[in-house]
Amino acid sequence: MTARVVLAEFGEADLHAVARLLRDSGIEVVFAGHGSPDQVVTIAIQEDADAIAVDDHVGMVTARLKERNASDIEVYDYIDVLTWAAKAKW
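If you use the UniProt record's numbering, the sequence shown corresponds to residues 1 to 90, in order.
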């Protein structure tokens, strides 16, 4: 099974470097671009994502997932998602 991560950027972090590192770990990356937290959550639900990685607004994205009854999707900042990917056995 391959994990799927929706990757979004709300600020100026290096989205492409994080995406490359996740892909190198065997993770499928879905780009959500610079959308709002609501848009990112919608994409994650549509893509049946295992996780969302954002550069900012982790709490806001987590709250939106809870509102949409999708709390099974994990939310990480860019550093923590790389740690998660390294520890996971996909």
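By construction, the Cβ of each residue, glycine as well, lies at the ideal position given by its N, Cα and C atoms. Given the structure is predicted, the values throughout are model-derived calculations rather than measurements.
Identity of the residue in the options nearest residue i by Cα
i: A17; options: K87, A53, A63; result: A53
i: residue 95; options: A85, A51, V30, D24; result: Only positions 1 to 90 of the chain appear in the structure, and residue 95 is not among them; the question remains open.
i: G33; options: L15, D72, D48, V81; result: L15
i: V58; options: R68, E74, L82, I45; result: E74
DSSP bridge partner residues for residue i (one or two, in chain order)
i: E28; result: R4
Rounded straight-line distance, which links the Cα of residue j to that of residue i
i: A86; j: T2; result: 13 Å
i: E28; j: L21; result: 11 Å
i: D24; j: D38; result: 28 Å
i: F9; j: I79; result: Phe is not the amino acid found at residue 9; the sequence shown has Glu there. E9 and I79: Cα-Cα distance of roughly 13 Å.
i: D48; j: T42; result: 10 Å
i: S36; j: W84; result: 24 Å
Next item on the list: Within the segment 22-83, note down every full alpha helix (DSSP H) run reaching 4 residues or more, in order along the chain.
Entry: 37-46, 58-67
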